[in-house]
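Residue numbers for the sequence shown, in the working numbering: 2 to 321. Where a beta carbon is used, it is the ideal one built from N, C-alpha and C, also for glycine. So the structure is just underneath, and the comments pick up after that.
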Amino acid sequence: MNLDTFVGQKEIVFALKKALKNPFHAYIFEGEKGFGKKLLARVFSKHILCENKSSCGVCKSCRLFEASSHPDFHIIKRQEDKKEISVESIREIIKDLSRGPIFSDKKVFIIEEGEELSISAQNALLKTLEEPPTYALFIITCNNIERLLPTVLSRSIVLSFKRYSASEIAKILEQNGLEPKDYIVKLCKGNPKIALDFYNKEVQNKRDYIFDKLLCYDGASFDLIKEFESDFEKLKNDFEFLFKNIIYFLRDALFYKKTKSIELITNTDKLEKIIEFSNKHTISHIYKLLQDFMILEKYPDANVISDNVLDMIFLKLSGG
Ligand SMILES: [Zn+2]
Numbered sequence: 002m003n004l005d006t007f008v009g010q011k012e013i014v015f016a017l018k019k020a021l022k023n024p025f026h027a028y029i030f031e032g033e034k035g036f037g038k039k040l041l042a043r044v045f046s047k048h049i050l051c052e053n054k055s056s057c058g059v060c061k062s063c064r065l066f067e068a069s070s071h072p073d074f075h076i077i078k079r080q081e082d083k084k085e086i087s088v089e090s091i092r093e094i095i096k097d098l099s100r101g102p103i104f105s106d107k108k109v110f111i112i113e114e115g116e117e118l119s120i121s122a123q124n125a126l127l128k129t130l131e132e133p134p135t136y137a138l139f140i141i142t143c144n145n146i147e148r149l150l151p152t153v154l155s156r157s158i159v160l161s162f163k164r165y166s167a168s169e170i171a172k173i174l175e176q177n178g179l180e181p182k183d184y185i186v187k188l189c190k191g192n193p194k195i196a197l198d199f200y201n202k203e204v205q206n207k208r209d210y211i212f213d214k215l216l217c218y219d220g221a222s223f224d225l226i227k228e229f230e231s232d233f234e235k236l237k238n239d240f241e242f243l244f245k246n247i248i249y250f251l252r253d254a255l256f257y258k259k260t261k262s263i264e265l266i267t268n269t270d271k272l273e274k275i276i277e278f279s280n281k282h283t284i285s286h287i288y289k290l291l292q293d294f295m296i297l298e299k300y301p302d303a304n305v306i307s308d309n310v311l312d313m314i315f316l317k318l319s320g321g
């Protein structure tokens with residue numbers, strides 16, 4: 002993949018292409034998890050290090066990059082047993098930066114999930130960002146920009162990743178050898194990682210498990226949220242994906258209950274389960290569950306669903 006074949010984020014790709022010959026010393030790629038920040042950081046780095054600035058694939062630099070053994074390219078991330086990216090990791094970068102690049106005219110450092118940089122790590126980085134050697138290039142990917150110090154932000158170019166369009170999601174799925182399906186393109190809400198997750202058998206099994214659990218819910222005798230809380234520990238790696246699924250499942254059930262039509266259902270691959278659930282419960286029951294799950298989770302889309310869908314339903318329920 003190169004900057005020409007990268008799908009989506011057109012404005013950012015345009016800006017990066019323009020910067021290839023004379024890049025700034027620090028970029029921050031910020032946006033929701035799953036938006037392709039790490040991928041684009043690697044794609045951009047390969048271009049920067051390429052002898053032809055084109056990610057040509059044939060120069061020595063490109064070949065080293067593809068073999069993951071480019072001496073001028075480094076990825077820094079939190080070690081699994083640590084809570085944050087420590088100041089020591091940054092000191093190592095600074096030490097490394099005292100020597101110039103070996104093959105390329107730049108030395109590239111990607112810091113992944115920059116929100117995990119400790120404050121002292123950020124302060125250590127700051128000195129280098131203030132007076133960087135001409136060959137230094139930093140790309141910090143970040144899911145939560147509020148965790149970065151304003152002084153770090155002000156010494157970097159911040160590029161904000163946006164949601165992908167439906168056609169871009171479909172293109173990404175095709176690039177990955179997957180057949181785009183309408184319900185997946187809709188459910189992923191412009192997030193390619195969520196779309197790709199749908200094709201993962203293990204994740205799909207967990208989705209089925211969650212939906213079956215929802216179907217077992219009898220509406221009164223046990224606390225469904227408590228039930229899920231114990232499961233979330235073992236499902237936590239897919240937490241966001243599964244949570245969105247629960248909310249969309251309940252939303253679908255509510256729509257079906259209200260309209261008796263399958264037209265508004267998003268989980269079109271699970272029609273039977275949604276209809277069964279919907280027939281089993283009253284509108285207020287499903288509504289209450291949906292509300293509880295949305296309050297429980299602070300995921301950013303909750304407000305959007307609340308404003309656009311729930312308020313409308315609530316108005317109707319209350320006779321407005
Ligand atoms: Zn090359």
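- Item | Leu118, DSSP secondary structure in three states | strand
- Query: Any idea if Tyr28 is buried or exposed, counting beta-carbon neighbours within 10 angstroms, 16 or more meaning buried?
  - Reply: buried
- Message: Quick check on this structure: which residue in Thr142, His286 and Val109 has the alpha carbon closest to the alpha carbon of Leu118?
- Response: Thr142
- Does DSSP classify Ser87 as helix, strand or coil? In this structure, Ser87 counts as coil in the three-state DSSP scheme.
- So what does DSSP say about Ala196, is it helix, strand or coil? helix
- Item | Lys261 - partner residues in DSSP beta bridges | Note: Lys261 sits in no beta bridge, so no partner.
- Would you list the one or two residues that DSSP bridges to Val159? According to DSSP, Val159 bridges with Ile29.
- Message: Any heavy atom of ligand 1 closer than 7 Å to the beta-carbon of Glu52?
- Response: yes
- Task: Mind checking who Lys108 pairs with in its DSSP beta bridge?
- Result: Ala137
- Of all the options Ser90, Lys47 and Thr152, which has the alpha carbon lying nearest to the alpha carbon of Lys78? Of the candidates Ser90, Lys47 and Thr152, the one whose C-alpha sits nearest the C-alpha of Lys78 is Ser90.
- Message: Does the CB of Gln176 have a neighbour CB from chain C at under 8 Å?
- Response: This model lacks chain C altogether, as it is built from one protein chain only.
- Query: Under 8 Å between the Cβ atoms of Phe242 and Ile195?
  - Reply: yes
- Evaluate Phe139 with the Cβ neighbour count: other Cβ atoms within 10 Å of its Cβ, from every protein chain shown; 16 or more gives buried, anything less gives exposed. Buried: at least 16 other Cβ atoms inside 10 Å.
- Inter-stretch contact at 8 Å, needing at least 3 Cβ pairs: the region 109–123 / the region 56–66: no
- Please find out if some non-hydrogen atom of ligand 1 comes closer than 7 Å to the beta-carbon of Val109. No, ligand 1 has no heavy atom inside 7 Å of this Cβ.
- Message: Going by the DSSP bridge assignment, what does Ile76 pair with across the sheet?
- Response: Ile111
- Task: Leaving aside the five residues before and after Ser87 along the sequence, list all residues of the same chain whose C-beta is less than 7 Å from its C-beta, in chain order.
- Result: Ser119 and Ala122
- Query: When the distance is taken between beta carbons, is Ile111 closer than 8 Å to Ser46?
  - Reply: yes
- Query: For ligand 1, is there a heavy atom less than 7 Å away from the beta-carbon of Val59?
  - Reply: yes
- Message: In this structure, how does DSSP classify Thr283 when only helix, strand and coil are distinguished?
- Response: Thr283 falls in the coil class under three-state DSSP.
- Message: Excluding the 5 residues flanking Ser222 on each side, which residues of the same chain have their C-beta closer than 8 Å to its C-beta?
- Response: Residue placement at Ser222 is poorly supported in this model, since its pLDDT is 44, which falls under 50; the coordinates still yield a value, given next. Closer than 8 Å at the Cβ level, and outside the excluded window around Ser222, lies no residue.
- Exposed or buried, Gln205, counting other C-beta atoms within 10 Å across all chains shown (16 or more means buried)? exposed
- Query: Anyone know if the C-beta pair for Ser62 and Phe104 falls short of 8 Å?
  - Reply: yes
- Query: Val159 and Leu130: beta carbons closer than 8 Å?
  - Reply: no
- Query: Going by C-alpha distance, which of Ile276, Leu149, Phe212 and Ala20 is nearest Ile248?
  - Reply: Phe212
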